[in-house]
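Undergrad:
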Amino acid sequence: MAHVMRQWFGAHRQPLFSTAYFLLLVITFVALRDVALLGLMVFGFVFVTALTAPSAAPVEAPAHVRRFVLRTLAWGVLLAGLVAALNYVVNPYGTFAHRYLEPITLDARREKLALYSQYETAPDAIVFGSSRSFTAAPADIEALTGLRAFNASVDSAAPRDFVAFLNFMQERGHFPQVIIIGLTTEQVTAPFPDRADDAFSRYLDDSGRRLDDLRQYAELLTIDQTEASLRSLELKLEADRPAPYYRFEADGLGTFKQAISLEAAVDNYLDWWGDLYNERTHLNEPELAYLREVLDRAQAHGARVIIYIPPFHPTMEAHFQQQNYPRLLDETRHTLEALQEEYGFALYDFTDLDSFGGTEFMFHDGVHSTRQLGRLMLERMLSDLRPDA
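Residues 162 to 550 in our numbering are what the sequence shown lists, from first letter to last.
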């Protein structure tokens, strides 16, 4: 019996080995969800097989083995193609420009790149900033100045994002005439989260551009994206799918969903951001260097720069007064004033609501202003750019 089993195993060793390795690849892919590791294992399999192959002339495999291998490869390619097609069409993370279904998560950086790419004539005014600048309305800018505008602000922004978007714009042969920057203390204080793999980072360093382009297609085969696609389809079938907290219009304007009272929304942000300025301790010099790069390039292109510091809701402001916020805000002001002397840009400090007619009711929550408040700030900043000025 043992002799028969040894003979059988010897005759079927190669297909058994291939099947076992194929199953190992599937298990690894499901467990680790790592396309790069999967590719490395495939390469290792081919490499080791080549090294261990007998030096003598190879013996042609039996027909049933060849059929098994070809069927396995065919089913694998078909399965991979179906998974990739599903994830591409559903586009659950908003990676690609098309929107047949609403993304399951809104990636503001990918979304702003996609929205800007749809412009046939590039806008002449651009808004940079964090989500606190989402409601600086391009339509209001155009009404005040006659300049077509786009809001390129993104969540958790930093000056590196401004540089990346300028690079993106210049790749399309355009540099804006007016750059409006909503600069907050969060954007220029440390520690700052590392976002090396976000959609803007590829426009900071050309060396990884092609790899990034390949990665977005390789990610179509990941388990994470497939699960997200299935979840997106499931949500599409649900009549009571909850709306996202904010959306973007075609011009980049952020619109917020006000599903709860302002008081409750402020309390939520007190919970989320409560210790932010206990954790922030000093200005972030690398981010200030990126800001200086924006100013240098704007000066070289003859573009006008306007920088403003947006306000918090008074309840958030009072909360942060007990932390490092007052000191860091003063340091931010002094730094901007020094840069203003060097570059000559316009600088506005809107942290005092009363100074420009704002009220505590012109907020969606503790940190995001309404379009009405955004309009008041724009009117102050753009008064000398009016067509009739």
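We put the beta carbon where it would ideally sit given N, CA and C, even for glycine.
What you are looking at is a predicted structure, and each value in this text was computed from that prediction instead of being measured.
Look at the Cβ atom of residue 470, then the Cβ atom of residue 511, and state whether they are nearer than 8 Å.
TA: Contact: yes.
Undergrad: What is the C-beta distance between residue 343 and residue 314, in whole angstroms, given that I count them as a contact (C-beta under 8 Å)?
TA: Confirmed, Cβ separation roughly 6 Å.
Undergrad: Report buried or exposed for residue 378, applying the criterion of at least 16 other Cβ atoms within 10 angstroms of its Cβ.
TA: It is exposed - the Cβ of residue 378 has fewer than 16 other Cβ atoms within 10 Å.
Undergrad: In three-state DSSP terms, what is residue 302?
TA: In this structure, residue 302 counts as helix in the three-state DSSP scheme.
Undergrad: Could you pull the DSSP bridge partners for residue 510 from this structure?
TA: Answer is 470, bridged to residue 510.
Undergrad: Should residue 447 be labelled buried (16 or more other beta-carbon atoms within 10 Å of its own) or exposed?
TA: Counting Cβ neighbours within 10 Å, residue 447 comes out exposed, since fewer than 16 surround it.
Undergrad: Whose C-beta lies closer than 8 Å to the C-beta of residue 475 among residues of the same chain, with five residues either side of it excluded?
TA: Taken in chain order, the residues that qualify are 514 and 521.
Undergrad: Please confirm if the region 424-435 is in contact with the region 293-313, defined as three or more CB-CB distances below 8 Å between the two stretches.
TA: Verdict: no, contact absent.
Undergrad: Please classify residue 286 as buried or exposed, where buried requires at least 16 neighbouring CB atoms within 10 angstroms.
TA: Buried.
Undergrad: Considering only C-alpha positions, which residue in the set 415, 411 and 398 is nearest to residue 405?
TA: For the residues 415, 411 and 398, the minimum Cα distance to residue 405 belongs to 415.
Undergrad: Tell me which residues share the same chain as residue 213 and place their Cβ nearer than 8 Å to its Cβ, disregarding the 5 neighbours each side in the sequence.
TA: Here residue 213 scores only 48 on pLDDT, less than 50, and its place in the model should not be relied on; the value that follows carries that caveat. Within the same chain, residue 213 has no close Cβ partners at all.
Undergrad: Within 10 Å of its beta-carbon, does residue 543 have 16 or more other beta-carbons around it, so buried, or fewer, so exposed?
TA: Looking at its Cβ environment, which holds 16 or more other Cβ atoms inside 10 Å, residue 543 is buried.
Undergrad: Going by C-alpha to C-alpha distance, which of 480, 390, 409 and 349 sits closest to residue 295?
TA: Nearest C-alpha to residue 295: 409.
Undergrad: Using the three-state DSSP reduction, which class does residue 389 fall into: helix, strand or coil?
TA: Note: residue 389 maps to helix in three-state DSSP.
Undergrad: Just to confirm the assignment, what range does the beta strand (DSSP E) spanning residue 407 have?
TA: Its beta strand (DSSP E) spans residues 407-409.
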